[in-house]
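Its first residue numbered 125, the sequence shown is counted upward by one per residue in my numbering.
Have a look at the structure below, then the notes.
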Amino acid sequence: MTRTATALAAILILAGCTTPTAPEAPIAEALAPADVTQDESARLNDWFEVKFQETVARSPMTQTYLGIKDDYDKWDDESEAHAREDLELQRAIVAEMKATFDFDALDPQAKLSWRLTEYELSQAEAAFPFRDHEYVFNQMFGVQSGIPAFLVNQHKVRSPSDAEAYIARLEGIPAYLGQSVANSQAAAAKGILPPRFVYDYVLSDSRGVVTGYPFTSDVADGSEDSPLMDDFRGKVTELESSDGVTPDEAASLLVRAADALKASVGPAYDAAIAELEAQAAVATTDDGAWKLPDADAYYAMRLKQITTTDMSADEIHDLGLAEMARIQDEMRGIMAKVGFEGSLKDFFDFTRTDPQFFKPNTDAGRAAYLSEATAAIDAMRDDLPMVFRTFPKADLIVKAVEPFREQSAGKAFYSRPAPDGSRPGTYYANLYRMQDMPTYQMQALAFHEGIPGHHMQIAMAQELEGIPSFRKFGGYTAYTEGWGLYSELLPKEMGYYSDPYDDFGRLAMEIWRAARLVVDTGIHDKHWTREQAVQYLMDNTPNPEGDCQKAIDRYIVMPGQATAYKIGMLKIVELREMAKSELGDTFDIRDFHDVVLRDGAVPLAILEQNVRAWVDETRES
Numbered sequence: 125m126t127r128t129a130t131a132l133a134a135i136l137i138l139a140g141c142t143t144p145t146a147p148e149a150p151i152a153e154a155l156a157p158a159d160v161t162q163d164e165s166a167r168l169n170d171w172f173e174v175k176f177q178e179t180v181a182r183s184p185m186t187q188t189y190l191g192i193k194d195d196y197d198k199w200d201d202e203s204e205a206h207a208r209e210d211l212e213l214q215r216a217i218v219a220e221m222k223a224t225f226d227f228d229a230l231d232p233q234a235k236l237s238w239r240l241t242e243y244e245l246s247q248a249e250a251a252f253p254f255r256d257h258e259y260v261f262n263q264m265f266g267v268q269s270g271i272p273a274f275l276v277n278q279h280k281v282r283s284p285s286d287a288e289a290y291i292a293r294l295e296g297i298p299a300y301l302g303q304s305v306a307n308s309q310a311a312a313a314k315g316i317l318p319p320r321f322v323y324d325y326v327l328s329d330s331r332g333v334v335t336g337y338p339f340t341s342d343v344a345d346g347s348e349d350s351p352l353m354d355d356f357r358g359k360v361t362e363l364e365s366s367d368g369v370t371p372d373e374a375a376s377l378l379v380r381a382a383d384a385l386k387a388s389v390g391p392a393y394d395a396a397i398a399e400l401e402a403q404a405a406v407a408t409t410d411d412g413a414w415k416l417p418d419a420d421a422y423y424a425m426r427l428k429q430i431t432t433t434d435m436s437a438d439e440i441h442d443l444g445l446a447e448m449a450r451i452q453d454e455m456r457g458i459m460a461k462v463g464f465e466g467s468l469k470d471f472f473d474f475t476r477t478d479p480q481f482f483k484p485n486t487d488a489g490r491a492a493y494l495s496e497a498t499a500a501i502d503a504m505r506d507d508l509p510m511v512f513r514t515f516p517k518a519d520l521i522v523k524a525v526e527p528f529r530e531q532s533a534g535k536a537f538y539s540r541p542a543p544d545g546s547r548p549g550t551y552y553a554n555l556y557r558m559q560d561m562p563t564y565q566m567q568a569l570a571f572h573e574g575i576p577g578h579h580m581q582i583a584m585a586q587e588l589e590g591i592p593s594f595r596k597f598g599g600y601t602a603y604t605e606g607w608g609l610y611s612e613l614l615p616k617e618m619g620y621y622s623d624p625y626d627d628f629g630r631l632a633m634e635i636w637r638a639a640r641l642v643v644d645t646g647i648h649d650k651h652w653t654r655e656q657a658v659q660y661l662m663d664n665t666p667n668p669e670g671d672c673q674k675a676i677d678r679y680i681v682m683p684g685q686a687t688a689y690k691i692g693m694l695k696i697v698e699l700r701e702m703a704k705s706e707l708g709d710t711f712d713i714r715d716f717h718d719v720v721l722r723d724g725a726v727p728l729a730i731l732e733q734n735v736r737a738w739v740d741e742t743r744e745s
């Protein structure tokens, strides 16, 4: 994510519901009520598609994510003016919707689309005054690593024109990165700077992009390529092997890419590095959002948008402490099963350090980890019919995080598939330091990021029929990450985690999310230091020190985001248990999962409404 809202964020990422206002447009009296509903809903859905395309057209990068190549040679506009235009566009869309359509004449799905669109505007308006609070350069989603990650993972080269577009994007980096530098400077002028430690990460990322040929090496044979040169060379070589270009054409493309890197990318990154070095010299060690202008309002806004609830920082903190106590009790049960004598903290130290729990920190060890994670996902895929009726069509692959970003990237993450099937969903495992990837967490992590977790939820949302496109690609962190965490629990009920240590790994990941409620609010509301937060994780979770440090560094630059997982998961479990209680023997978990997934991502309040409506309908049938 960048500082300004992309087209995807502007209309696709929706976050709640409000009471809709009925427009004044009359309904044709000649139509029967059912016909009115069908006609008005179809009209609204067609209109949504038009607005979706208009909005996507404002974001070349969103087009690329969606497999559209209309502006394949361009970057997004990150200017302040464009950000204001995005907000005005959202306002205009909602105004036009209210003036053109009759809410009362819509079917339930169309009404939901209306409510989501309306509320997203309120969310965008609430966040807009704080647009400078998002750190442009950070180790999690900063533009310095976002540029190469986008080109490597999203810009496919399947024709000479795709290669030409890649080179054009290289040439466009000075303008794109320059806007981000200007935005960072504007924020700094308001006293909005990341903590000092962030600059070590982003400077390392930035220097890594411009290390190797053609920047710091003259060796042009591919043996000393910089990350982007290596990526482009590989894609052109593959294009050549498929007879897409001749050897001479391939050689010419490589020369032009090297020239663009040296003439455009190098100076752009040099300028960014100079600015980051200047900011680092004056940055402080204050870590929390409490240091930012209008901090209380900012953090409250973040919690509301991330959790889609009205929970306060204190309520979230207390919930975290309660969940920590419950899960630690379950962990003591695991200790008894494996015959470990000592305290829970002693057990944590044992699982952090004993060699039996880690693959070797070698290429062979990394390959073995990826192979076993893939096998876990394959086994789960075979068992899905036990608990699901609907399945994603898109394929899923498992990959290691690329070297250019592995030192700063998170432990694991998921990248959605292309809607047209040209790119599979990808579970990325960060194998930079194998000591941070214990094998007892392997299953739960694969289930969270792959299936039945993010891949299943996100790919199925993209494949839904009969709903507007913006709902297929939207996201609510509490729903999405809540589903991911729920997907760690579900396999236990299916018979997985038969090894007590694997079950401990599941609990280790759950307590990690519970601890997030404590440390996120601790850092941003209660003025905890970075060191204090790291120590809390070390004392209360089994994760290794490097894992704890990297996690706290993440939570610092993404206020509130970490609270979504546990809050979303608890809501899904609560709704499932309510449905079980109400329906008794007629409860079918496959139907429950269909209800949870059938509308795409929704705020938790709407999810609860949907589940309760299904329970009522099932009971009456």
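For each residue, glycine too, the CB sits at the ideal point set by N, CA and C.
Problem - Contact between the region 637 to 646 and the region 715 to 730 (3+ Cβ pairs under 8 Å) - result: no
Exercise for the section: Put residue 365 into one of helix, strand or coil per three-state DSSP. Expected result: In the sequence shown, the residue the question calls residue 365 occupies position 241. Helix at residue 365.
Practice task
Assuming residue 681 contacts residue 353 (C-beta within less than 8 Å), just tell me the rounded distance between them.
Solution key: Position 557 of the sequence shown, counted from the first residue, corresponds to residue 681. Position 229 of the sequence shown, counted from the first residue, corresponds to residue 353. So it is not a contact: roughly 29 Å between Cβ atoms.
Practice task
Return the chain-ordered list of same chain residues with a C-beta closer than 6 Å to the C-beta of residue 741, the five sequence neighbours on each side being excluded.
Solution key: Here residue 741 refers to the residue found at position 617 when the sequence shown is read from its first residue. Answer for residue 741: no residue qualifies.
Practice task
With a cut-off of 8 Å on the beta carbons, I'd call residue 377 and residue 287 a contact; round off their distance for me.
Solution key: Here the question's residue 377 lines up with position 253 in the sequence shown. Here the question's residue 287 lines up with position 163 in the sequence shown. Right, the Cβ-Cβ distance comes to about 5 Å (below 8 Å), so this counts as a contact.
Practice task
Check each candidate in 386, 631, 570 and 324 and name the one with the smallest Cα separation from residue 498.
Solution key: Counted from its first residue, the sequence shown places residue 498 at position 374. Among 386, 631, 570 and 324, the Cα nearest to that of residue 498 belongs to 570.
Practice task
Excluding the 5 residues preceding and the 5 following residue 464 in the sequence, name in chain order all residues of the same chain whose CB lies nearer than 6 Å to its CB.
Solution key: Locating residue 464 in the sequence shown gives position 340, counting from the first residue. Excluding sequence neighbours, residue 464 sits near 471.
Practice task
Please specify which runs of the alpha helix (DSSP H), each continuous and at least 4 residues long, are wholly inside the region 269 to 343, giving them in chain order.
Solution key: 284 to 313 and 320 to 333
Handout entry: Candidates 284, 418 and 327: closest to residue 375 by CA position
Key = Along the sequence shown, one-based indexing puts residue 375 at 251. Here the closest residue by C-alpha is 284.
Exercise for the section: Please confirm whether residue 610 and residue 727 have their CB atoms less than 7 Å apart. Expected result: Stepping through the sequence shown from its first residue, residue 610 is reached at position 486. Stepping through the sequence shown from its first residue, residue 727 is reached at position 603. Taking 7 Å as the Cβ cut-off, residue 610 and residue 727 do not qualify as a contacting pair.
Exercise for the section: Would you mind listing the alpha helix (DSSP H) stretches within the region 487 to 549 that are 4+ residues and don't spill past its ends, in chain order? Expected result: 487 to 507
Exercise for the section: Report yes or no: do the region 304 to 314 and the region 212 to 225 share at least 3 C-beta pairs separated by less than 8 Å? Expected result: no
Handout entry: Residues near residue 238 by beta carbon distance below 8 Å, same chain, minus five either side
Key = Here residue 238 corresponds to residue number 114 of the sequence shown, with the count starting at 1. Contacts found: 144, 168, 221, 225, 227 and 230.
Problem - Cβ shell of residue 339 (< 6 Å), same chain only, five flanking positions each side left out - result: Translated into positions along the sequence shown, residue 339 becomes position 215. Same-chain partners within the cutoff: 350 and 390.
Problem - Beta-carbon separation (whole angstroms), residue 403 vs residue 312, contact threshold 8 Å - result: Here residue 403 is taken as the residue at index 279 of the sequence shown, counted from 1. Here residue 312 is taken as the residue at index 188 of the sequence shown, counted from 1. Confirmed, Cβ separation roughly 6 Å.
Handout entry: Cutoff 8 Å; reference residue 149; Cβ partners in own chain excluding five residues on either side
Key = Counting from 1 along the sequence shown, the entry for residue 149 is found at position 25. Low confidence applies here, because residue 149 scores a pLDDT of 32, under 50, leaving its location unreliable; read the following figure in that light. The residues are 223, 224, 225 and 226.
Exercise for the section: Check whether the region 440 to 451 touches the region 607 to 625, taking contact to mean three or more Cβ pairs, one atom from each stretch, closer than 8 Å. Expected result: no
Problem - Beta bridge counterpart(s) of residue 393 as assigned by DSSP - result: Within the sequence shown, the letter at position 269 stands for residue 393. For residue 393, which the question treats as bridged, DSSP gives no partner whatsoever.
Practice task
Determine the extent of the alpha helix (DSSP H) in which residue 590 is found, giving its start and end residues.
Solution key: By one-based count along the sequence shown, residue 590 stands at place 466. Counting along the chain, residue 590 falls outside any alpha helix (DSSP H), and DSSP gives it neither H nor E.
Exercise for the section: Go ahead and label residue 412 buried or exposed: buried means 16 or more other beta carbons lie within 10 angstroms of its beta carbon, across all protein chains shown. Expected result: Indexing the sequence shown from 1 puts residue 412 at position 288. The residue in question, residue 412, is buried, as its Cβ has 16 or more Cβ neighbours within 10 Å.
Practice task
Using three-state DSSP, classify residue 552 as helix, strand or coil.
Solution key: Counting from one through the sequence shown, the residue named residue 552 turns up at place 428. Strand.
Problem - residue 532 classed as buried or exposed, judged by whether at least 16 other C-beta atoms fall within 10 angstroms - result: Here residue 532 refers to the residue found at position 408 of the sequence shown. Under this definition residue 532 is a buried residue.
Practice task
Verify whether the separation of the beta carbon atoms of residue 363 and residue 281 is less than 7 Å.
Solution key: For the purposes of this step, residue 363 is taken as residue 239 along the sequence shown, with counting starting at 1. For the purposes of this step, residue 281 is taken as residue 157 along the sequence shown, with counting starting at 1. For residue 363 and residue 281, yes; Cβs fall inside 7 Å.
Practice task
Would you kindly check if the distance between the Cβ of residue 330 and the Cβ of residue 393 is under 7 Å?
Solution key: Here the question's residue 393 lines up with position 269 in the sequence shown. Here the question's residue 330 lines up with position 206 in the sequence shown. Yes, the pair counts as a contact, with Cβ atoms nearer than the cut-off.
Problem - With 16 other Cβ atoms within 10 Å as the buried cut-off, status of residue 480 - result: Counting from one through the sequence shown, the residue named residue 480 turns up at place 356. Exposed, by the Cβ-count rule.
Exercise for the section: Identify the continuous alpha helix (DSSP H) that holds residue 598 and give its terminal residues. Expected result: Here residue 598 refers to the residue found at position 474 of the sequence shown. Per DSSP, residue 598 belongs to no alpha helix (DSSP H) and is neither H nor E.
Problem - Closest by C-alpha distance to residue 718, when choosing among 516, 645, 420 and 324 - result: Here the question's residue 718 lines up with position 594 in the sequence shown. That would be 516, whose Cα lies nearest to the Cα of residue 718.
Practice task
Rank 662, 615, 623 and 648 by C-alpha distance to the C-alpha of residue 635 and give the top, closest one.
Solution key: As a position in the sequence shown, residue 635 is number 511, starting the count at 1. Of 662, 615, 623 and 648, the residue nearest in Cα terms is 662.
Problem - Range covered by the alpha helix (DSSP H) that runs through residue 247 - result: Mapped onto the sequence shown, residue 247 falls at position 123. Unbroken alpha helix (DSSP H) run through residue 247: 232 to 251.
Handout entry: the region 577 to 588 touching the region 615 to 627, judged by at least three CB pairs closer than 8 Å
Key = no
Practice task
Return the CA-CA distance between residue 467 and residue 333, expressed in angstroms with no decimal places.
Solution key: By 1-based counting over the sequence shown, the position of residue 467 is 343. By 1-based counting over the sequence shown, the position of residue 333 is 209. Roughly 46 Å between the two C-alpha positions.
Problem - Whole-Å CB distance - residue 203 paired with residue 303, under 8 Å assumed - result: Working through the sequence shown from its first residue, we reach residue 203 at position 79. Working through the sequence shown from its first residue, we reach residue 303 at position 179. Confirmed, Cβ separation roughly 6 Å.
Problem - Cut-off 6 Å between Cβ atoms - residues of its own chain near residue 525, not counting five sequence neighbours on either side - result: Position 401 of the sequence shown, counting from 1, holds the residue named residue 525. Contacts found: 533, 552 and 554.
Problem - Nonlocal neighbours in the same chain, by C-beta distance under 8 Å from residue 731, ignoring five residues either side - result: On the sequence shown, position 607 is the one that residue 731 refers to. So the qualifying residues of the chain are 603, 695, 696, 699 and 720.
Handout entry: Cβ pair residue 387, residue 291 closer than 7 Å
Key = Residue numbering aside, residue 387 sits at position 263 when the sequence shown is read from its first letter. Residue numbering aside, residue 291 sits at position 167 when the sequence shown is read from its first letter. No, the pair does not count as a contact, with Cβ atoms beyond the cut-off.
Handout entry: Which residues DSSP lists as bridging residue 349, in chain order
Key = In the sequence shown, counting from the first residue as 1, residue 349 sits at position 225. In the DSSP output, where bridge partners are listed per residue, residue 349 has 337.
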